[in-house]
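A.B. asks: I'd like to ask some things about the structure below.
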Amino acid sequence: MKSRYDLLVIGGGINGACIARDAAGRGLDVALVERGDLARATSSASSKLIHGGLRYLEQYKFRLVREALAEREILLRTAPHIVHPMRFVLPHRAGMRPPWMIGLGLGLYDRLGGRRTLPGSERVDLSDPAWNGGLALASKIGFAYTDCTVDDARFVVLAAVDAAQRGAEIMTRTRCAVLTRDGGNWICTLDTPAGASRQVAARAVVNAAGPWADHVRAAAAGGSTPRRLRLVKGSHIVVPRLHSGDHAFILQHDDGRVVFVIPYAEHYSLIGTTDVAVDRTDGNETPSEDEIAYLCAVVNGQFGIDLRADHVVWAFAGVRALYDDGKADPASVTRDYVLDLDFGDRGGDHGGDDGAAPMLTVYGGKITTARRLAERAMKRLAPTFPGLGPAWTADAALPGGDTGPFDAFVRVLGLKHPAFDKDWLRGLAERHGTRAHAILYGIGHPRDLGPTFGAGLVAREVDWMVRNEWAETADDIVWRRTKFGLAMTAHEIELLGEHLAGATVTV
Ligand SMILES: Cc1cc2nc3c(=O)[nH]c(=O)nc-3n(C[C@H](O)[C@H](O)[C@H](O)COP(=O)(O)OP(=O)(O)OC[C@H]3O[C@@H](n4cnc5c(N)ncnc54)[C@H](O)[C@@H]3O)c2cc1C
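Here my numbering is used: the first residue of the sequence shown is -5, the next is one more, and so on.
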């Protein structure tokens, strides 16, 4: 453990992890501190889409949409194990956005982001069962287009793994408690998992604390600073699979919002989201009864079914930390990000000439644009780090992402390990990509995987995630490193917890 770094990144969500990765790959000595588990906050509570954000076109956010669309192809190439194309169907509804407007918007969506491999949009006939999926709408006009899904929490973990492989120190369960400028450096007091305090120095700080970015900024300024964040809670529910077919739906609701219904983890549908303005967050949000009722009502109205709260197998909520652009409606606040570079009293906004220590604060952002945001963050910090390496992440696979065509990779994995269940191997490949080889190294039979905790979660993979991915608790494993929590019983998760705590468990 060192006590001096070039760059200290506060926050182990997608933005912090991508910035730590990018900076370490450019030769900086980097530390990342996350007060809980990686991706414990917003970055595991997203709609799990790598998308341009069709509805942002209505807000004329062309820069954001263009950048996000371009990221789809980059992430498909560099992380094909956790990013997968998904066809979306947008049904037309009488009295809402007219077909010509949807067609125009999708035409723009097709062209804006330099699409190369993803198929373009098309008008589809919703009386065709292949597209209808059980919709009970009067209009049979629909539009299909392609975006991607992502395992959001694994994206964070893999970015952190890559950062660590390039020399970064990743400290989870470690809170940045006090931050002070000392000449050209930051001095940071960290609360460590052992309950002790530790001081580290860094030439620059990145404040990627998401919904807590204002707190970190205020702490560094030694008091209160103007509030820059709007916090908007968003909830999702997961229910047994609602419709057949591999495509997702993007439903227009009566209030003008859109709600996604996305095939999820093979047997389920992921439905979201809501937009509820909140004042603060403790990071433990859950969907309210009203939000669950709202999501059920949207689906019921358009599928003609009776989905209720007791059908929900999992529900989660997160808080968007949006840059406050003064808009009254939470759904209309900009989803674009802002990077604020601050040199304190001595340097002023454009300062740093006198060597004052910079803090770069990240406001907003998306899972989709985190890699690009990290590149921009490095550009802003470049004057502080002469000799900083060039941008590199657009062509570099995330750990395990060097699979080549993913389906072919899964087939070869099956041929190499014929004794293993094919679906289980696919799941392993979707979590670890080519790192699945290391997990299976030296074993020829499923019994060599050690105890099974339930739903296909085996000790060998759990121990791998403890050793290589900073997993410590059962929640880290079943809700963030994997989604086995969907199919495991409470008792099985408890036994996993005992295994992780070091107890001998007979499963
Ligand atoms: C409902 C919803 C749906 C969304 N859907 C999508 C989507 O489909 N696609 C998409 O691209 N984007 C989506 N987003 C946006 C995306 O999830 C967020 O932009 C992104 O996760 C923000 O990441 P972050 O790293 O900035 O923040 P976070 O993930 O919140 O990370 C901040 C971290 O900082 C840590 N931290 C705070 N204070 C300290 C401290 N003092 N010391 C140490 N650590 C600290 C926290 O514990 C936290 O883990 C969605 C967001 C929501 C809420």
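All C-beta atoms in this analysis are idealised placements derived from N, C-alpha and C, irrespective of residue type, glycine included.
All figures in this text were calculated on a predicted structure; none of them were measured in a lab.
Is DSSP giving Met165 helix, strand or coil here?
C.D. replies: Correct three-state label for Met165: strand.
A.B. asks: With a Cβ-Cβ cutoff of 8 Å, do Arg148 and Arg475 count as a contact?
C.D. replies: Yes, the Cβ-Cβ distance between Arg148 and Arg475 is below 8 Å.
A.B. asks: Report the start-end ranges of each alpha helix (DSSP H) in the segment 381 to 425 that is 4 residues or longer and not cut off at the edges.
C.D. replies: As far as the segment 381 to 425 is concerned, its whole alpha helix (DSSP H) runs of at least 4 residues are 400 to 410.
A.B. asks: Please confirm whether Asp122 and Ser115 have their CB atoms less than 8 Å apart.
C.D. replies: No, Cβ-Cβ distance for Asp122 and Ser115 is not below 8 Å.
A.B. asks: Please name the residue or residues paired with Tyr139 in a DSSP beta bridge.
C.D. replies: Bridge partners of Tyr139: Phe82.
A.B. asks: Measure how close the beta-carbons of Ala213 and Leu173 come, nearest whole angstrom, since I'm counting them as under 8 Å.
C.D. replies: At roughly 6 Å, the Cβ-Cβ gap stays under 8 Å, so Ala213 and Leu173 are in contact.
A.B. asks: Leu184 and Asp208: beta carbons closer than 8 Å?
C.D. replies: No, the pair does not count as a contact, with Cβ atoms beyond the cut-off.
A.B. asks: Classify Pro92: buried if its beta carbon has 16 or more other beta carbons within 10 angstroms, exposed otherwise.
C.D. replies: Exposed, because fewer than 16 other Cβ atoms sit within 10 Å of the Cβ of Pro92.
A.B. asks: When DSSP builds the beta bridges, which residues end up paired with Glu116?
C.D. replies: Beta-bridge pairing links Glu116 to Ala138.
A.B. asks: Note down the Cα distance separating Ala413 from Ala62, rounded to an integer number of angstroms.
C.D. replies: Those two C-alpha atoms are separated by around 41 Å.
A.B. asks: Measure the C-alpha to C-alpha separation of Leu494 and Trp458 and round it to an integer number of angstroms.
C.D. replies: Answer to the nearest angstrom: the Cα atoms are 12 Å apart.
A.B. asks: Which residue from Asp417, Leu1, Thr355, Val404 puts its Cα closest to that of Glu522?
C.D. replies: Within the shown structure, residues of the chain are numbered from -5 to 501, placing residue 522 beyond reach of any answer.
A.B. asks: Does the beta carbon of Val28 fall short of 7 Å from some heavy atom of ligand 1?
C.D. replies: Checking the sequence shown, residue 28 turns out to be Glu, not Val. Within the cutoff, so yes.
A.B. asks: Span of the beta strand (DSSP E) holding Trp473?
C.D. replies: No beta strand (DSSP E) contains Trp473, which DSSP labels as neither H nor E.
A.B. asks: Beta carbon of Arg475: closer than 7 Å to some heavy atom of ligand 1?
C.D. replies: Because no heavy atom of ligand 1 lies under 7 Å away, the Cβ of Arg475 does not count as near it: no.
A.B. asks: What residue range is occupied by the uninterrupted alpha helix (DSSP H) comprising Lys373?
C.D. replies: First-last of the alpha helix (DSSP H) with Lys373: 364 to 375.
A.B. asks: Using a Cβ-based criterion (distance less than 7 Å to any ligand heavy atom), does His45 qualify as near ligand 1?
C.D. replies: Yes, the Cβ of His45 comes within 7 Å of a heavy atom of ligand 1.
A.B. asks: Are Leu375 and Leu354 touching if we call contact CB-CB under 8 Å?
C.D. replies: Cβ atoms of Leu375 and Leu354: closer than 8 Å.
A.B. asks: Since Asp334 sits in a beta bridge, which residues does DSSP pair it with?
C.D. replies: In DSSP, Asp334 forms a bridge with Thr355.
A.B. asks: Check the DSSP bridge columns for Arg57 and list the partner residues they point to.
C.D. replies: Paired residue(s): none; Arg57 is not in a bridge.
A.B. asks: Give me the residue from Ala39, Val200, His247, Ala291 with the minimum Cα distance to Pro352.
C.D. replies: Ranking Ala39, Val200, His247, Ala291 by Cα distance to Pro352 puts Val200 first.
A.B. asks: One question on the structure: do Leu443 and His411 come within less than 8 Å of each other, judged by their Cβ atoms?
C.D. replies: No, they are not a contact pair.
A.B. asks: According to DSSP, is Ser121 part of a helix, a strand, or is it coil?
C.D. replies: Ser121: coil per DSSP, three-state reduction.
A.B. asks: Are the Cβ atoms of Pro205 and Asp269 separated by less than 8 Å?
C.D. replies: Not in contact: Pro205 and Asp269 (Cβ atoms no closer than 8 Å).
A.B. asks: Can you tell me the Cα-Cα spacing of Trp418 and Ala449, whole angstroms?
C.D. replies: In a straight line, the C-alpha of Trp418 is about 10 Å away from that of Ala449.
A.B. asks: Would Leu489 and Ile471 be called neighbours here (beta carbons separated by less than 8 Å)?
C.D. replies: It is not a contact, given that the beta carbons lie outside the stated cut-off.
A.B. asks: Ile231 to Asp176, Cα distance in whole Å?
C.D. replies: Their backbone Cα atoms lie some 47 Å apart in a straight line.
A.B. asks: Any contact between the segment 25 to 35 and the segment 45 to 52? By contact I mean 3 or more CB pairs, one from each, below 8 Å.
C.D. replies: With a cut-off of 8 Å, the segment 45 to 52 and the segment 25 to 35 do not count as touching, because too few Cβ pairs lie within range.
A.B. asks: Within its chain, find whatever has a CB closer than 7 Å to the CB of Gly408; leave out the 5 residues flanking it on each side and keep chain order.
C.D. replies: Within the same chain, Gly408 has close Cβ partners Lys416, Leu419.
A.B. asks: So what's Thr72 in DSSP terms, helix, strand or just coil?
C.D. replies: The answer is helix: DSSP assigns Thr72 an H, G or I state.
A.B. asks: Near Pro281, which residues of its chain fall below 6 Å by C-beta distance, leaving aside the five closest residues on each side in sequence?
C.D. replies: For Pro281, where only same-chain residues beyond five positions count, the Cβ hits under 6 Å are Ser229, Ala309, Ala311.
A.B. asks: List the whole-angstrom C-beta distance separating Arg160 from Gly295, where the pair is believed to meet the contact cut-off of C-beta under 8 Å.
C.D. replies: That belief does not hold up - the Cβ atoms of Arg160 and Gly295 are roughly 49 Å apart, past 8 Å.
A.B. asks: In the DSSP assignment, find the beta strand (DSSP E) that holds Asp0 and state where it starts and stops.
C.D. replies: Note, Asp0: beta strand (DSSP E), -2 to 4.
A.B. asks: Between which two residues does the beta strand (DSSP E) carrying His230 extend?
C.D. replies: Taken as a continuous stretch (DSSP letters only), the beta strand (DSSP E) holding His230 covers 223 to 234.
A.B. asks: Which full runs of the alpha helix (DSSP H) of 4+ residues lie inside the segment 145 to 195, going along the chain?
C.D. replies: Listed in chain order, the complete alpha helix (DSSP H) runs (minimum 4 residues) inside the segment 145 to 195 are 146 to 159.
A.B. asks: Identify the continuous beta strand (DSSP E) that holds Tyr262 and give its terminal residues.
C.D. replies: Element bounds for Tyr262: 262 to 266.
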